[in-house]
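Inspection log for the structure reproduced underneath, given as structure tokens.
Residue numbers (the numbering used here): 144 to 220.
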């Protein structure tokens, strides 16, 4: 149970950071993110959707995956 809660908290934190990156750095609108979520078929993000969202952000910013991890680490501090 605790392991599941920690996992959910980690996923939620990642999602918040991705949304922050999408809204600020990528200049993506909330409407676009809502559309992305609807296209993915749900009202909540799962880990597979987070992976796709990460790829979407990487392509939009022209970054590599290690670049995004560095950016995430900087935002967490």
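Note that CB positions come from ideal geometry on N, CA and C, so glycine has one too.
With fewer than 16 other beta carbons inside 10 angstroms of its own, residue 198 counts as exposed. The alpha-carbon of residue 166 is positioned some 10 Å away from that of residue 160. In the three-state reduction of the DSSP assignment, residue 195 falls in the helix class, which pools H, G and I. In terms of Cβ geometry, residue 211 and residue 201 form a close pair [threshold 7 Å].
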